[in-house]
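With the working numbering applied, the sequence shown covers 6 to 517.
A virtual CB, placed ideally from N, CA and C, is assigned to each residue, including glycine.
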Amino acid sequence: MEIPAPRKEKVFLLHSIIREILMKVWFGGMIFLCLLIGMISCDTYPPNQPLKKAGSRTAYCFQNVLQSSEGLSENFIILSLSGGGTRASTMAYGVLKHLRDVKSGSDQNSLLDQVNVISSVSGGSFAAAYFGLYGQKRFFSEFPEKVLYCPIQRRLEIKLLNPCNWFSLMSPTFGRSELAEAVYAEDIFGNHTFADLPLKWPFIIINATDMARGAQFAFTQDYFNLIASDLSSFPISRAVTASSAYPFWFSPVTLNNYPPVPGRQKMPQWVTEALAAHPYVNPVIYGWAQTWKSFEEEAKRPYLHLIDGSIADFLGTRPPAFAVLADTWSIFRNADQTKPVRRVVVIVVDARPRNDPGYDRSPDAPGVITTLKTAALEPVMNYAADTVAIIQLIFDELQRANRNYELFRKMCEELAQLQPTEHWGTVEDQVRQCVGRFRKPYGQRPPFADFYLIHITFDALKDAALRHRIEAIPTSLQLPSEDVDLVIETASELVNDSPEFQRLCEDLSISR
Numbered sequence: 006m007e008i009p010a011p012r013k014e015k016v017f018l019l020h021s022i023i024r025e026i027l028m029k030v031w032f033g034g035m036i037f038l039c040l041l042i043g044m045i046s047c048d049t050y051p052p053n054q055p056l057k058k059a060g061s062r063t064a065y066c067f068q069n070v071l072q073s074s075e076g077l078s079e080n081f082i083i084l085s086l087s088g089g090g091t092r093a094s095t096m097a098y099g100v101l102k103h104l105r106d107v108k109s110g111s112d113q114n115s116l117l118d119q120v121n122v123i124s125s126v127s128g129g130s131f132a133a134a135y136f137g138l139y140g141q142k143r144f145f146s147e148f149p150e151k152v153l154y155c156p157i158q159r160r161l162e163i164k165l166l167n168p169c170n171w172f173s174l175m176s177p178t179f180g181r182s183e184l185a186e187a188v189y190a191e192d193i194f195g196n197h198t199f200a201d202l203p204l205k206w207p208f209i210i211i212n213a214t215d216m217a218r219g220a221q222f223a224f225t226q227d228y229f230n231l232i233a234s235d236l237s238s239f240p241i242s243r244a245v246t247a248s249s250a251y252p253f254w255f256s257p258v259t260l261n262n263y264p265p266v267p268g269r270q271k272m273p274q275w276v277t278e279a280l281a282a283h284p285y286v287n288p289v290i291y292g293w294a295q296t297w298k299s300f301e302e303e304a305k306r307p308y309l310h311l312i313d314g315s316i317a318d319f320l321g322t323r324p325p326a327f328a329v330l331a332d333t334w335s336i337f338r339n340a341d342q343t344k345p346v347r348r349v350v351v352i353v354v355d356a357r358p359r360n361d362p363g364y365d366r367s368p369d370a371p372g373v374i375t376t377l378k379t380a381a382l383e384p385v386m387n388y389a390a391d392t393v394a395i396i397q398l399i400f401d402e403l404q405r406a407n408r409n410y411e412l413f414r415k416m417c418e419e420l421a422q423l424q425p426t427e428h429w430g431t432v433e434d435q436v437r438q439c440v441g442r443f444r445k446p447y448g449q450r451p452p453f454a455d456f457y458l459i460h461i462t463f464d465a466l467k468d469a470a471l472r473h474r475i476e477a478i479p480t481s482l483q484l485p486s487e488d489v490d491l492v493i494e495t496a497s498e499l500v501n502d503s504p505e506f507q508r509l510c511e512d513l514s515i516s517r
């Protein structure tokens, strides 16, 4: 018997109401369950572990990598990978790919095989960490699909919109960066820690920014010694999260600063010497030494809060440049070297955006978020160009010192001949003292190395239409595949067209 139409409508309406009630009850129950789980779990950030044994030969630091590798060759090559989201990771991939394809020497090793250090911030840290952890083969075969073409931003949004994570985010010690770290661990870096990074070239320096000081903090054991912590147990995914924790979008990453243990930590000699000198002697090194010294005051700084590494240095050039110029790595005077370093090559991969914000076309004042974002990043990116210029000036000065050294020595020998040796010492002693005065900023002898600063930037593009097209690519964590392909191809062309890269290839007798 057929049910009358009015009755059908009533039955359908009743079913709809019951279904809606059940859905709300189920959804509410799920939210309650997630909140209950959150209350029970009391989520907080995973703390870094205290240092148990100092001076370990397996700790991830430059000297251990140097001793575990085959020493230094005639070429010391540094790569610095800038910030800029997936745009920066893509540009880094394009540059690394080009260096892999350039062969040099009788054994036909690639220039990428000869890279000693990769220093990175923010988006560039994804490429640096993946390359250092998995090696060349897996980097070139897996990195594009794992990172460049992967919808990372969508995965983060799903995590953020999941009700099960809402209560955790209410905790003052658990933030959006912890959710991001979970995504990076699941999809990219797994559960690997710094103990899994091989002690061989290249030495990977992942940089973040110490929020209180506005100074760089590098994920190497040298820095972790300052906070009496063990880097080997620290997750690589968390280091990359800290390096790319851009303010407003991600929360700071917290580290515990443990009390120093007597006999287990020692402040580097350059810090002691810099603090003993007058601040006006070298304000930059003095300020850097003050930052290092501040970690010893663990009672005042029991915690460190780290944010995006590009805030302190958008290009990631300062740690390796400082180490080379101050020779804290002893690459010019290492006793184990069988042959001296003849070339120091610094390749700066600069993915700075130049997109038009548009607010200058309106009389309306920009909003608070826009103003804060601009204040946080624009001055840093402008300073990035100054950093490159300063390094170039120092390299030029070292080159002049190399050329003038023999002239200095000849002048000192002539002066020594005019002095009575019984009063001023032997001729050789007088020459050594005289040359030391000329060479005081850099030691007794100049490095006797040639310096190459190769700055890879989209500003160098001659094609105006292509440059504008590249500039329009955002610094987000997710890009269309056609933008990824364009950046990879363009980065390779920029390396090949660089005058300094051409000079290096000519000096190495490399046909491009």
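Please check the pair residue i and residue j, which I expect to be a contact at CB under 8 Å, by giving their CB distance rounded to whole angstroms.
i: Arg105; j: Leu117; result: 4 Å
i: Ile209; j: Ile312; result: Ile209 to Ile312, Cβ: 20 Å. No contact.
i: Thr214; j: Ile316; result: 4 Å
i: Asn170; j: Leu184; result: 6 Å
i: Val120; j: Pro207; result: 5 Å
i: Gly60; j: Gly314; result: 27 Å between Cβ atoms; not a contact.
i: Arg92; j: Thr480; result: 5 Å
i: Thr95; j: Val489; result: 5 Å
i: Tyr364; j: Pro358; result: About 16 Å; that fails the 8 Å criterion.
Where does residue i fall in DSSP's three states?
i: Tyr263; result: coil
i: Thr333; result: coil
i: Asn287; result: coil
i: Leu231; result: helix
i: Thr296; result: helix
i: Ala328; result: helix
i: Asn212; result: strand
i: Ile8; result: With a pLDDT of 47 at Ile8, under the threshold of 50, the predicted position of this residue should be treated as unreliable, though the coordinate-derived value follows. DSSP places Ile8 in coil when its eight states are reduced to three.
i: Phe456; result: strand
i: Lys445; result: Note on Lys445: pLDDT 44, under 50, position unreliable in the model; no value is reported.
i: Ile461; result: strand
i: Ser497; result: helix
i: Ser237; result: helix
i: Ile45; result: Residue placement at Ile45 is poorly supported in this model, since its pLDDT is 47, which falls under 50; the coordinates are not used for a value here.
i: Pro273; result: coil
i: Pro177; result: coil
i: Thr376; result: helix
i: Thr198; result: strand
i: Pro55; result: strand
i: Glu505; result: helix
i: Gly99; result: helix
i: Asn409; result: helix
i: Trp171; result: helix
i: Val346; result: coil
i: Leu165; result: helix
i: Ala389; result: helix
Given a cut-off of 9 Å, decide if residue j and residue i are closer than it, judged by their beta-carbon atoms.
i: Gly90; j: Val492; result: no
i: Ser249; j: Phe131; result: yes
i: Asn261; j: Phe300; result: no
i: Leu231; j: Tyr65; result: no
i: Leu513; j: Thr495; result: no
i: Leu320; j: Thr392; result: yes
i: Ala389; j: Asp318; result: yes
i: Arg347; j: Glu79; result: yes
i: Ser125; j: Asn212; result: yes
i: Tyr291; j: Thr259; result: no
i: Ile83; j: Val350; result: yes
i: Gln221; j: Arg323; result: yes
i: Phe67; j: Asp227; result: yes
i: Phe144; j: Leu174; result: no
Based on DSSP bridge pairs, tell me the residues matched to residue i.
i: Leu84; result: Ile123, Ile352
i: Ala223; result: Asn212
i: Val258; result: Leu311
i: Asn114; result: Ser109
Please check if any C-beta of chain B sits within less than 9 Å of the C-beta of residue i.
i: Tyr251; result: Looking at the structure shown, chain B is missing, and only one protein chain is on hand.
Between the segment 455-466 and the segment 395-405, do at least 3 Cβ pairs fall closer than 8 Å?
yes
Are the segment 239-249 and the segment 192-208 touching by the rule of at least three beta carbon pairs closer than 8 Å?
yes
Is there contact between the segment 458-474 and the segment 348-360, where contact requires at least three CB pairs shorter than 8 Å?
yes
So does the segment 164-182 actually touch the segment 48-67, counting three or more Cβ pairs closer than 8 Å?
yes
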